[in-house]
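One structure is given here, and the rest of the page talks about it.
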Amino acid sequence: MTRSRYCLVAFVLLLALAGCRREAEVPGGAVDGAAQAPVPTADGVAADAPVVLEDVMESDPRYIIGISYPPGINSYPELAAELKRYADAARADLMDAVEARDPSSTGAAGAPYDLALPFDMVMETPEVVAVQATGTSYTGGAHGNPLVARFVWLPARAEMLRAEALVQGPGGWNDISAFVRESLHAALSQRLDADDLEPEDRMRLMRTGGRMIDEGTVPTAGNFANFEPVPSTGGRLRALRFVFPPYQVGPYSDGVQTVEVPAAVLLPHLAPEYRALFTAG
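According to mature numbering (1 follows the signal peptide of the UniProt record, and there is no 0), the stretch in the sequence shown is residues -24 to -1, 1 to 257, in order.
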């Protein structure tokens, strides 16, 4: 890693820590307090000249911006264009807040707004390239707004792998949703057990938490739009890890939750053109 890249990554990590990031492993998924529902991206990929991504460090008395990209990402121009759209949208949201801010703010309320947005490579093979974006955007309040997104690029097909194309028919999402719900409910139960609550409090939290899980996992492609591949031997995938931001299947304090759905559950419902990417073994 070059010295400039090292400094940029350190800068972004410091911003992320300022946004109150917290991580912990839980049964049925991981919890990460530094992410949220993704900024929406366009359906297509760039049709013009290839985008060349460069790390960003920018600041003035009103704001601080740190954005970092994985080395070699410019080898995938269409994927790079997707990442740029996401970063540009996050930056635009921050700058809108900066421009709307009361210039007379002082004290803690006058702290600079900030965007810390690192992109990291999750998987890179000839068949699948996956990138995660995890960071925070602080525009006032007690903590930063968490940001998360997943991008899965299929080089051989020259296309993004998207939830709406991945699974055929509503029946497929029914089965995937049922698997995810069971895992999330089990994880919630174990977290509450670890808190050693009074029975009435446990029942109340289990009921409200269970309602959030059920509402956030209604079997539609939109509720499962963020996922990352889980590799097996031979370059194929043994599962997909679905990613749920705070407030989708739990309160902010529960962070981002993930559930790994094995290929055996996915394969009966996958569109034919994507089945060769997976192995049920």
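Note that the Cβ used here is the ideal one computed from N, Cα and C, for glycine as well. Nothing here was measured: the structure is a model prediction, and the numbers come from that model.
Problem - Beta-carbon separation (whole angstroms), PRO195 vs MET99, contact threshold 8 Å - result: Not really, about 26 Å apart at Cβ, beyond 8 Å.
Handout entry: Stretch-stretch touch, CB-based, cutoff 8 Å, three pairs: the region 56 to 64 with the region 72 to 79
Key = no
Problem - Contiguous alpha helix (DSSP H) assignments of at least 4 residues, all confined to the region 109 to 195 - result: 139 to 142, 145 to 170 and 175 to 192
Practice task
Answer with buried or exposed for THR184, where buried requires no fewer than 16 other C-beta atoms within 10 angstroms of its C-beta.
Solution key: exposed
Exercise for the section: Going by CA-CA distance only, name the one from VAL107, GLY116, PHE95 and SER44 that's closest to ALA76. Expected result: GLY116
Handout entry: Cβ neighbour criterion (16 or more within 10 Å) applied to GLU204
Key = buried
Practice task
Identify, in the order they occur along the chain, each residue of the same chain with its Cβ nearer than 6 Å to the Cβ of residue 281, setting aside the five sequence neighbours on each side.
Solution key: What the structure shows of the chain is the stretch from -24 to 257, and residue 281 is not part of that stretch, so it cannot be assessed.
Problem - C-beta atoms of GLU103 and LEU130 nearer than 8 Å - result: yes
Exercise for the section: Could you tell me the boundaries of the alpha helix (DSSP H) in which VAL74 lies? Expected result: 53 to 76
Exercise for the section: Count the other CB atoms, across all protein chains shown, that sit within 10 Å of the CB of ASP19; report buried if there are 16 or more and exposed otherwise. Expected result: Bear in mind that a pLDDT of 47 at ASP19, under 50, signals an unreliable position, so the number given afterwards is only what the model happens to contain. ASP19 is exposed by the Cβ-count criterion.
Exercise for the section: List the whole-angstrom C-beta distance separating GLU54 from ALA134, where the pair is believed to meet the contact cut-off of C-beta under 8 Å. Expected result: 7 Å
Handout entry: Contact test: ALA125 Cβ vs the ligand HEM heavy atom, cutoff 7 Å
Key = This structure lacks the ligand HEM, and indeed carries no ligand of any kind.
Practice task
Find out if the Cβ-Cβ distance for the pair PHE218, VAL237 is shorter than 8 Å.
Solution key: yes
Practice task
Please confirm whether ARG187 and THR255 have their CB atoms less than 8 Å apart.
Solution key: no
Exercise for the section: Give a yes or no on whether the minimum CB-CB distance between GLY42 and chain D is below 8 Å. Expected result: Annotation note: the requested chain D is absent from the structure, which comprises a single protein chain.
Exercise for the section: Count the other CB atoms, across all protein chains shown, that sit within 10 Å of the CB of ARG167; report buried if there are 16 or more and exposed otherwise. Expected result: buried
Problem - Cβ neighbour criterion (16 or more within 10 Å) applied to PRO222 - result: buried
Handout entry: Nearest neighbour of ALA57, chosen from GLU30, ARG178 and ASP151 [CA to CA]
Key = GLU30
Handout entry: Distance, VAL128 Cα to TYR114 Cα
Key = 27 Å
Exercise for the section: Measuring alpha carbon to alpha carbon, tell me which of ASN202, ASP36, ARG67 and PRO146 ends up nearest VAL107. Expected result: ASN202
Exercise for the section: Please name the residue, chosen from ASP169, SER35, ALA215 and HIS161, that lies closest to LEU242 on a Cα-to-Cα basis. Expected result: ALA215
Handout entry: Cβ pair PHE200, TRP149 closer than 8 Å
Key = yes
Handout entry: Cβ shell of MET136 (< 8 Å), same chain only, five flanking positions each side left out
Key = VAL21, GLU54, LEU55, GLU58, PHE127, VAL128, TRP129 and LEU130
Problem - Contact check, PHE95 vs PRO26, beta carbons under 8 Å - result: no
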